[in-house]
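Everything below concerns the one structure shown next.
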DNA sequence: ACCTGAACACCGTTCAAGT
DNA sequence: ACCTGAACACCGTTCAAGT
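Residue numbers (this note's numbering), protein chains in the order written: chain A, 1 to 187; chain B, 1001 to 1187.
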């Protein structure tokens, strides 16, 4: 963890910023490393000095919004509605997070359980947030006993991936989330 | 629909056969068009003469097993178990179909609703099969009113894509399918 | 230390030249 | 009609050369 030179820090941040904008507008596949380098005004080599692969760069580019996901779980749970409503509120904000960058939902959901993935840290954050939700609702006896965080991450992540890919309306997304919620709540 | 010359027919079939084997062993991304051409003993140009894109070749390679999917729906429904068991039987065989070729589940599920996709015909087949299941179970009053075939295809296809990608055990797959089933059945 | 950009290996796809 | 395979455009990634 040695400190970076000031110019290197500046480069690293500008690269991540530019990459965030480009990935957000166009999606992962439609952005090339050359394009990021040119937009950031650096050589490709500098990209690879700071980020060993394109996926690592992507991970850095979408870092900021992941850090608020745990807070989002608490917000969703804080309401005084029925368990079903609070669970749906969480699902919807989870999907909203995952679809904020095109291509992220599938990429991150695919990385669940893969410790070697560049997204491993994000997966842990998501698993924790879902565990939080499960604990809270289970304490009220609202959930079936055999639901676990990994399963929820995969189910909701799968819905998010489909929603993202097919650019579905929120109504279609919510209908699918309602199915998952009803399948997970005690009947 | 003019008839092909005998040698062209032979080439087309051998290409599709070889491609099926290669795709099945390695998955879509890990097989290059050059590899298919070389394995089939033809030039790349011949590949493109018969199949305009790699996706079209893939579509042809995985054709055979799709044609039995409607029969599988009827088989699953034919049992005399509870609606939940028959629905699960269908889900499980649906996932088994979609995961038979690595990478197919996500590719096909992504193509749902896209008429221009090379997989459009397969999507229609899948939608029909799911509609068949919905009709049969709805006639018994076992389903919620607002379930439609597209939604089921997306939900179960999403599960299949995750199962395929993470190479999950059948037990994990079935647990997720149970959630979807319970979310879709009348409570 | 850090940066640059030509070069590499590998894609999917095209097309002029052959039979 | 059909086939061949060199060539093209475009990737992600590397590395020798510069400051």
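For glycine and all other residues, C-beta sits at the position ideal for the given N, C-alpha and C.
Express the C-alpha separation of residue 1010 of chain B and residue 989 of chain B in angstroms, rounding to a whole number. Lying before the first or after the last residue shown, residue 989 of chain B is absent from chain B, which here runs from 1001 to 1187.
So, are the CB atoms of residue 87 of chain A and residue 185 of chain A less than 9 Å apart? Locating residue 87 of chain A in the first chain gives position 87, where the first residue counts as 1. Locating residue 185 of chain A in the first chain gives position 185, where the first residue counts as 1. In this structure, the beta-carbon distance from residue 87 of chain A to residue 185 of chain A falls below 9 Å.
For residue 1097 of chain B and residue 1065 of chain B, what's the separation of their Cα atoms in angstroms? Indexing the second chain from 1 puts residue 1097 of chain B at position 97. Indexing the second chain from 1 puts residue 1065 of chain B at position 65. Each residue's Cα considered, the two are about 7 Å apart.
By Cβ distance, which residues of its chain are closer than 7 Å to residue 143 of chain A, with the 5 residues on each side in sequence left out? To locate residue 143 of chain A, count along the first chain from 1; it is residue 143. Once the five neighbours on either side are set aside, the close Cβ partners of residue 143 of chain A are 134, 137, 184, 185 and 186.
Between the CA atoms of residue 37 of chain A and residue 46 of chain A - distance to the nearest angstrom: Counting from 1 along the first chain, the entry for residue 46 of chain A is found at position 46. Counting from 1 along the first chain, the entry for residue 37 of chain A is found at position 37. So the two alpha carbons sit approximately 8 Å from each other.
Residues near residue 104 of chain A by beta carbon distance below 7 Å, same chain, minus five either side: Within the first chain, numbered from 1, the residue matching residue 104 of chain A stands at position 104. So the list reads 62 and 98, once near-sequence residues are dropped.
Buried or exposed: which applies to residue 1 of chain A, given that a residue is buried once 16 or more other Cβ atoms fall within 10 Å of its Cβ? In the first chain, counting from the first residue as 1, residue 1 of chain A sits at position 1. Because the pLDDT of residue 1 of chain A is 49, which lies under 50, any placement of that residue in the model is unreliable, and the number read from its coordinates should be weighed accordingly. Burial call: exposed.
Return the chain-ordered list of same chain residues with a C-beta closer than 6 Å to the C-beta of residue 1160 of chain B, the five sequence neighbours on each side being excluded. The count along the second chain starts at 1 and reaches residue 1160 of chain B at position 160. Excluding residues within five positions, the ones whose Cβ falls inside 6 Å are 1095, 1098, 1099 and 1105.
In chain order, what residues of the same chain lie with their CB nearer than 6 Å to the CB of residue 1027 of chain B, ignoring the 5 residues before and after it? Here residue 1027 of chain B corresponds to residue number 27 of the second chain, with the count starting at 1. Correct list, in chain order: 1102 and 1103.
By a C-beta neighbour count over all protein chains shown, 10 Å radius and 16 as the cutoff for buried, is residue 1171 of chain B buried or exposed? Indexing the second chain from 1 puts residue 1171 of chain B at position 171. Of the other Cβ atoms in all chains shown, fewer than 16 fall within 10 Å of the Cβ of residue 1171 of chain B; this residue is therefore exposed.
Sub-9 Å separation of residue 121 of chain A and residue 93 of chain A beta-carbons: As a working mapping, residue 121 of chain A is identified with position 121 in the first chain. As a working mapping, residue 93 of chain A is identified with position 93 in the first chain. The answer is no: Cβ separation not under 9 Å.
From B:1117, B:1084, B:1116 and B:1107, pick the residue whose C-alpha is nearest to that of residue 1154 of chain B; which is it? In the second chain, residue 1154 of chain B corresponds to position 154, counting from 1. Minimum Cα distance to residue 1154 of chain B is reached at B:1107.
Contact list for the segment 1125-1138 of chain B against chain A, Cβ threshold 7 Å: Flagged: no residues at all.
If you draw a straight line from the alpha carbon of residue 19 of chain A to that of residue 30 of chain A, how long is it in whole angstroms? As a position in the first chain, residue 19 of chain A is number 19, starting the count at 1. As a position in the first chain, residue 30 of chain A is number 30, starting the count at 1. So the two alpha carbons sit approximately 12 Å from each other.
What residues in its chain sit with their C-beta under 6 Å from that of residue 976 of chain B, if we drop five residues either side in the sequence? Examination of residue 976 of chain B is not possible in this model, given that chain B is present from 1001 through 1187 alone.
Would you say residue 1159 of chain B lies against chain A (beta-carbon separation less than 9 Å)? Translated into the one-based positions of the second chain, residue 1159 of chain B becomes position 159. Using a Cβ-Cβ cut-off of 9 Å, residue 1159 of chain B counts as an interface residue toward chain A, since at least one Cβ of chain A sits closer than that to its own.
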